[in-house]
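Trainee: Please find one structure pasted underneath; my questions will follow.
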Amino acid sequence: MSAEPNVRTLTINGEEISARSDQTILEAAREHNVGIPTLCHLEGLSEVGACRICLVEVKGARRLLPACVTQVAEGMEVTTHSPKIDRYRTMILELFFAERNHVCSVCVANGNCELQSLAATLGMTHVEMPYQYPQLPVDASHPRFTVDHNRCVLCTRCVRVCSEIEGANTWGVMGRGATSLVITDLKEPWGDSETCTSCGKCVQVCPTGALFEKSRAGTKVRKHPEFLPYLRIMREGDQP
Amino acid sequence: MSRTIVIDPVTRLEGHGKITLQLDDAGVVQDATFHVTQLRGFEKFCEGRPFYEMPNITARTCGICPVSHLIASSKACDAILAVRIPPVAANLRRIMNLAQLVQSHALSFFYLSSPDLLLGMDAPPDERSILHIAHSHPSIGADGVALRQFGQRIIELLAGRRIHPGWTIPGGVNEPLSAEKRDQILGMIPAATAAIQRTLTWFRGSIEKFSAEIEVFANFPTLFMGLVDDNGLAEYYDGALRFIDSEGNIIAGELNPAHYSEFIGEAVEPYTYMKFPYYKPLGYPGGTYRVGPLARLNLADRCDTPLADVEWRDFRAMSPKPLLSSFHYHYARLIEMLHATEKIEALLADQSILDKHVRATASVNNLEGVGVAEAPRGTLIHHYKVDENGLIVWVNLIIATGHNNAAMNRGILQTARHYVQGKHIAEGMLNRVEAVVRTFDPCLSCSTHAMGSMPLAVELRAPDGSLIREVRRG
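Here it is in structure tokens:
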């Protein structure tokens with residue numbers, strides 16, 4: 012049997028490309044240097060399609076589809092940029108900003124924040140939705156790290172990295188919708204968690220200032236999520 | 016019929032406030048009050064935040080003196096960490112604090128007050144601005160702009176940006192100084208020194224023109240408070256608090272600023288959002304004191320740099336006792352600019368300023384911390400309490416302008432009684448009432464650490480409280 016049946020031909024922005032049948036639109040697009048903005052996606056982690064920033068148009072589909080969890084199909088016609096898509100992405104981004112208390116000027120991640128960069132990239136000039144100003148807690152009980160729920164976008168990268176790479180399963184999600192919170196163990200203070208190994212991977216993958224290292228507060232903190240694919244490859248190499 | 020004049024807003028100030036003058040039937044001023052009409056609430060909304068965010072958050076109190084808040088806040092956080100920060104970090108913070116002093120004093124003296132000083136208190140209002148000065152007295156206007164730039168540029172070189180820099184952090188600073196930047200700063204010093212000296216020469220020559228204003232611009236006995244170093248010399252970053260009385264006697268010499276609550280009380284009046292701090296042993300209002308440039312030069316044994324010391328001696332030679340007229344804040348500001356410039360040069364001349372170890376790290380070791388420094392307008396106090404995880408549970412900020420509140424109010428009454436009389440109120444009379452407030456260079460945004468914005472107003476009220484005339488600007 013040849014590998015041919017695994018190849019799918021589709022068009023992205025009118026250009027014909029080939030992709031493996033198990034690839035997502037996002038993977039295929041990036042392989043062909045077509046940029047699609049993302050937030051919850053992180054190379055090396057599983058996909059959840061939580062943030063919807065990567066929405067694209069697929070001809071024949073009645074609604075926009077998230078590129079990170081939509082697999083390619085034969086003859087698919089994908090558009091990654093159009094006025095409608097831009098409008099949806101900006102609106103989603105505005106909802107993120109309105110939902111919690113994102114005050115860049117005093118945030119530890121100011122200048123190194125994926126949410127902030129997205130706002131700049133997508134040209135978000137203001138937020139039309141009314142701010143919710145929820146009163147959310149800050150958990151600084153861990154000796155090295157702090158979680159500030161005011162800055163969390165519920166991307167669940169921390170939950171996934173803790174489960175899929177570290178294997179500790181310390182992080183989880185409680186509640187529903189906008190009132191969800193990422194929690195440690197059964198909502199115990201992070202400092203009291205018996206499962207946390209203090210490896211700091213959750214901090215490195217967090218796209219905003221929600222998770223940060225106490226000792227780095229006030230310094231120009233650049234996070235390093237790029238280590239993930241290497242870690243993953245090394246782990247897989249260890250498998251018997 | 017008696018009446019009330021309202022000046023609203025008071026202009027060429029940092030913040031929003033208004034002045035109410037109460038006149039009797041004969042048109043004589045009976046009472047005067049200065050209202051700060053904004054409320055901001057920093058002390059409340061900081062609760063729950065990690066303490067190490069405090070320098071950045073509280074710096075937002077003010078766009079003119081964010082550095083002062085950064086310094087006092089960082090010092091309060093150092094106390095929570097219970098660390099001794101590396102000496103080079105303290106000196107780098109010192110330089111930034113002094114640069115801030117120069118730029119803020121330049122703003123107050125040239126941008127806000129020089130129109131009154133150059134054109135006279137009775138000049139038409141539309142001419143009383145720095146823009147007009149740039150045309151009428153271009154060299155003085157240029158010196159003002161250059162000196163403000165000098166201070167701001169040093170802050171930028173040290174900290175990466177001019178306004179709200181994030182460089183000063185709990186435990187020190189986040190980046191050492193490079194030799195190249197040090198040399199850049201040193202290169203700017205001769206021109207700045209020359210500009211300050213030119214201004215001093217001009218100001219000294221014109222001071223006699225203002226003898227009437229000097230007499231009544233908040234010219235009365237009060238205490239004075241400020242930081243001094245171990246030798247009793249002027250100090251802006253660290254040291255002990257000293258109180259002197261109006262005769263020049265040191266009534267408290269080496270007070271530990273961290274224990275400020277033992278000797279400073281805060282009274283409240285119903286007409287303003289700004290509190291009235293006082294020296295506790297003498298009660299309120301007997302314990303009214305002044306802070307800032309005039310207080311510092313009155314209470315220090317001297318500055319500790321050669322050029323400034325010469326100026327300081329001339330300044331103090333004007334009176335055998337402390338200078339009591341707040342008009343002399345202007346003069347004191349110029350001397351302090353000279354002192355700050357010399358001090359920056361001296362600190363940079365020491366090779367150790369380039370040391371790379373600029374930060375001490377620790378976790379929460381104290382549940383309470385007080386940070387005190389001299390801001391351009393006077394002593395600034397930040398006091399925090401945290402829980403065992405370092406989350407803020409209580410904040411108290413005592414701002415330089417607040418210390419001067421009682422003296423400012425009395426000063427307005429004194430000036431208004433002298434100048435505002437009769438049925439017809441000339442604009443120049445009201446400008447003098449505003450000008451006495453300007454001598455203190457109050458920062459109303461800071462003093463209320465409050466919500467909102469800040470123009471100023473003067474009200475003229477009848478004995479029955481009815482409003483007769485209101486002058487409102489902004």
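Protein chains in written order, with the numbering used here: chain A, 12 to 251; chain B, 16 to 489. Glycine included, each C-beta is placed from N, C-alpha and C at the ideal position.
For the segment 100-118 of chain A, which residues have a CB atom closer than 8 Å to at least one CB atom of chain B, in sequence order?
Mentor: Going along the segment 100-118 of chain A in chain order, one finds Ser116, Val117 with a Cβ nearer than 8 Å to chain B.
Trainee: Terminal residues of the continuous alpha helix (DSSP H) containing Asn112(B)?
Mentor: Note, Asn112(B): alpha helix (DSSP H), 102-121.
Trainee: Pick helix, strand or coil for Gly32(B), following the three-state DSSP scheme.
Mentor: Here Gly32(B) sits in strand by DSSP.
Trainee: Against chain B, does Ala228(A) count as a neighbour if the rule is that its beta carbon must be under 7 Å from one of theirs?
Mentor: Answer yes: the Cβ-Cβ gap between Ala228(A) and chain B drops below 7 Å somewhere.
Trainee: Tell me the rounded alpha-carbon separation between Ser209(A) and Leu129(A).
Mentor: Spanning the two alpha carbons is a distance of roughly 29 Å.
Trainee: Please list, in chain order, all residues of the same chain as Ala228(A) whose beta carbon is under 7 Å from its beta carbon, the five residues on each side excluded.
Mentor: Only Val119 meet the Cβ criterion.
Trainee: Is Ser152(A) close to chain B, meaning its C-beta is less than 7 Å from at least one C-beta of that chain?
Mentor: Cβ-Cβ to chain B under 7 Å: yes for Ser152(A).
Trainee: Going straight from the alpha carbon of Gly86(A) to that of Thr101(A), what length do you get?
Mentor: So the alpha carbons of these two residues sit roughly 29 Å apart.
Trainee: Can you confirm whether Thr157(A), when its beta carbon is compared against all beta carbons of chain B, has any partner nearer than 7 Å?
Mentor: True, the Cβ-Cβ gap to chain B drops below 7 Å.
Trainee: Can you tell me whether Leu482(B) is helix, strand or coil according to DSSP?
Mentor: It is a strand residue.
Trainee: Any idea if Tyr144(A) is buried or exposed, counting beta-carbon neighbours within 10 angstroms, 16 or more meaning buried?
Mentor: Answer is exposed; the Cβ neighbour count stays below 16.
Trainee: Counting only Cβ-Cβ distances shorter than 8 Å, please list the residues of the segment 398-411 of chain B near chain A, keeping chain order.
Mentor: Within the segment 398-411 of chain B, the residues whose Cβ lies closer than 8 Å to some Cβ of chain A are Asn404, Gly405, Leu406, listed in chain order.
Trainee: Using the beta-carbon count (16 or more within 10 Å), is Tyr275(B) buried or exposed?
Mentor: Buried, because 16 or more other Cβ atoms sit within 10 Å of the Cβ of Tyr275(B).
Trainee: Here's a check: name, in chain order, each residue in its chain whose Cβ is nearer than 8 Å to the Cβ of Arg111(A), leaving out the five neighbours to either side.
Mentor: Result list for Arg111(A): Gln143, Pro145, Leu147, His160, Asn161, Arg162, Cys163, Val164, in chain order.
Trainee: With C-beta atoms as the reference, is Ile64(A) less than 7 Å away from His43(A)?
Mentor: No. Outside cutoff.
Trainee: So which residues on chain A does Gly63(B) lean against when the C-beta distance must stay under 9 Å?
Mentor: Neighbours of Gly63(B) on chain A, chain order: Gln146, Pro148, Val149.
Trainee: Mind checking which residues open and close the beta strand (DSSP E) that includes Ile211(B)?
Mentor: Run containing Ile211(B): none in the beta strand (DSSP E); it sits in the alpha helix (DSSP H), 194-221.
Trainee: Give the C-beta separation of Arg108(B) and Ile86(B) to the nearest angstrom, bearing in mind that I take them to be a contact with Cβ-Cβ under 8 Å.
Mentor: Contact holds; Cβ gap of about 6 Å.
Trainee: I'd like to know if Glu281(B) contacts chain A, where contact means its C-beta is closer than 7 Å to some C-beta of that chain.
Mentor: Not an interface residue.
Trainee: Using 8 Å for Cβ pairs, my map puts Leu53(A) next to Arg233(A). What's the rounded Cβ distance?
Mentor: Incorrect: roughly 15 Å between the Cβ atoms, too far for contact.
Trainee: Say yes only if the C-beta of Asp93(B) is nearer than 6 Å to one or more non-hydrogen atoms of the ligand GTP, and no if none qualify.
Mentor: Of ligands this structure carries none, so the ligand GTP is not represented either.
Trainee: Where does His418(B) sit, in a helix, a strand or coil, going by DSSP?
Mentor: In the structure shown, His418(B) sits in a helix (DSSP, three-state: H, G or I).
Trainee: So, is the C-beta of Asn264(B) closer than 7 Å to a C-beta in chain A?
Mentor: It does not: the Cβ of Asn264(B) has no partner Cβ on chain A nearer than 7 Å.
Trainee: So what's Glu357(B) in DSSP terms, helix, strand or just coil?
Mentor: The answer is helix: DSSP assigns Glu357(B) an H, G or I state.
Trainee: Express the C-alpha separation of Leu406(B) and Ala441(B) in angstroms, rounding to a whole number.
Mentor: If you take the alpha carbons of Ala441(B) and Leu406(B), they lie about 54 Å apart.
Trainee: Consult DSSP for Gly489(B) and reduce its assignment to one of helix, strand or coil.
Mentor: Note that Gly489(B) scores a pLDDT of 42, beneath 50, so its modelled location is shaky and nothing firm can be said.
Trainee: Give me the Cα-Cα distance between Met103(A) and Glu26(A), rounded to the nearest whole angstrom.
Mentor: Per the sequence shown, residue 103(A) should be read as Ile rather than Met. Looking at the two C-alpha atoms, the distance is approximately 27 Å.
Trainee: Please check if any C-beta of chain A sits within less than 7 Å of the C-beta of Glu68(B).
Mentor: Closer than 7 Å to some Cβ of chain A, the Cβ of Glu68(B) qualifies, so yes.
Trainee: Could you give the DSSP three-state label for Glu54(A): helix, strand or coil?
Mentor: Looking at Glu54(A) - three-state DSSP - the assignment turns out to be coil, as it is neither helix nor strand.
Trainee: Could you round the C-beta distance between Asp316(B) and Leu248(B) to whole angstroms and report it? I think they count as a contact, below 8 Å.
Mentor: About 6 Å separates the two Cβ atoms, so the contact holds.
Trainee: Once DSSP output is grouped into helix, strand and coil, what is the label at Ser468(B)?
Mentor: In this predicted model, Ser468(B) has a pLDDT of only 34, less than 50, meaning its place in the structure is not dependable enough to derive any value.
Trainee: Just to confirm the assignment, what range does the alpha helix (DSSP H) spanning Ser83(B) have?
Mentor: Per DSSP, Ser83(B) belongs to the alpha helix (DSSP H) from 81-96.
Trainee: Just the C-alpha distance for Glu357(B) and Val160(B), rounded to the nearest angstrom, thanks.
Mentor: Looking at the two C-alpha atoms, the distance is approximately 19 Å.
Trainee: On a CA-only basis, which of Ser88(B), Ala47(B), Asp39(B), Met69(B) is nearest Gly386(B)? Give me that one, please.
Mentor: Considering only alpha carbons, the answer is Ser88(B).
Trainee: Three or more beta-carbon pairs under 8 Å between the segment 415-432 of chain B and the segment 375-393 of chain B, yes or no?
Mentor: Touching, per the Cβ criterion.
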